[in-house]
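Student: Per numbering that gives the first Met the number 0, residue 0 is the first one in the sequence shown, and the count goes up by one each step.
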Amino acid sequence: MKKKINQWIRKLKSPTKQGRTIRASLFFVVAFILILFCSFLLSQEEVAVERPQELSKEEKFIQKIGPYAKQQQVAYQILPSITIAQAILESDWGESELSKENNNFFGIKGTEQQQTVLMKTAEFVNDEWIEVEARFRKYDSWKESIDDHANLFLVGTTWNPDQYLAVRNATSYQQAANALQEAGYATDPAYAQKLIELIQQYQLDEYDR
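Dropping the structure here:
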């Protein structure tokens, strides 16, 4: 085998017509391979440009909710970051049964049987988590859920029309999150902190500007 290789090398170096032919053939083969390789690299770059990076589940959810939450800010003076963060936390990024099947993204409860659904939920009572059954409102669309959430902050509850006034008057998402917890929106003692962490992690306050 080594002998054959040496013979081929000698032919390649030979100044004869055969040697020149071999060198020319080798040159064209190498050039052809280089052209193919460069073409492949260019095609991969074009594919990368034409195919934008796919958004994550979280990014898709934020881009879905964000613009509509921004519209609510004008009408109801509610910081969009708070609306988005609550939707994330209450609906588990739109993956909870309540949000998927009933378009309820904020865990808002109701009383009328025809407009609600009975579901199990966790509540923090007497320093411990317990499971209870409660009636939650159901909506025809996620936008309707956001509208009802905004209206709740505007008109309050039947027993306190100003229950969420401090949330609407807040000038920062930190103030709004703490006002929500103080108003009793959720029983989770870490509710405000969870909202703040979501807003900071996903830079949701960009929607507040």
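The beta-carbon is built from N, C-alpha and C at its ideal position, and this holds for glycine as well.
What is the residue span of the beta strand (DSSP E) that residue 129 lies within?
Tutor: 127-136
Student: Between the C-alpha atoms of residue 47 and residue 165, what's the straight-line distance to the nearest angstrom?
Tutor: Note that residue 47 has pLDDT 45, beneath the 50 cutoff, so the model's placement of it is unreliable and no number is given.
Student: Counting only the same chain and skipping the five closest in sequence on each side, list residues whose C-beta sits under 6 Å from that of residue 204.
Tutor: 80, 172 and 198
Student: Could you please give me the residues that DSSP links to residue 124 through a beta bridge?
Tutor: 127
Student: Spatial neighbours of residue 101 within its chain, please: C-beta separation below 6 Å, excluding the five flanking residues on both sides.
Tutor: 116 and 137
Student: I'd like the span of the alpha helix (DSSP H) that includes residue 65, first residue to last.
Tutor: 56-75
Student: Taking one C-beta from the stretch 86-100 and one from the stretch 54-63 each time, how about it: are there three or more such pairs within less than 8 Å?
Tutor: yes
Student: What's the gap between the Cα of residue 202 and the Cα of residue 86?
Tutor: 15 Å
Student: In angstroms, rounded to a whole number, what distance separates the CA positions of residue 159 and residue 70?
Tutor: Cα-Cα distance, rounded: 26 Å.
Student: Using three-state DSSP, classify residue 115 as helix, strand or coil.
Tutor: Three-state DSSP puts residue 115 in a strand.
Student: DSSP puts residue 193 in a beta bridge; with which residues?
Tutor: The partner list for residue 193 (beta bridge, DSSP) is empty, contrary to what the question assumes.
Student: Which of the three DSSP states, helix, strand or coil, is assigned to residue 47?
Tutor: With a pLDDT of only 45 at residue 47, under the threshold of 50, the placement of this residue in the model should not be trusted; the figure read from the coordinates follows. Under the three-state reduction of DSSP, residue 47 is assigned to helix.
Student: Report yes if the CB atom of residue 130 is closer than 7 Å to the CB atom of residue 119, and no otherwise.
Tutor: yes
Student: Could you check the C-alpha separation between residue 157 and residue 125 for me, to the nearest Å?
Tutor: 25 Å
Student: Cβ of residue 133 within 7 Å of Cβ of residue 108?
Tutor: Going by C-beta atoms, residue 133 is nearer than 7 Å to residue 108.
Student: Please look up how many angstroms separate the CB atoms of residue 176 and residue 191, rounded, as I've assumed it's under 8 Å.
Tutor: 4 Å
Student: Given a threshold of 16 other Cβ atoms within 10 Å of its Cβ, counted over all protein chains shown, does residue 61 qualify as buried or as exposed?
Tutor: Burial of residue 61 is indicated by the presence of at least 16 other C-beta atoms within 10 angstroms of its C-beta.
Student: Taking its Cβ as the centre, do 16 or more other Cβ atoms sit within 10 Å of residue 64, making it buried, or is it exposed?
Tutor: buried
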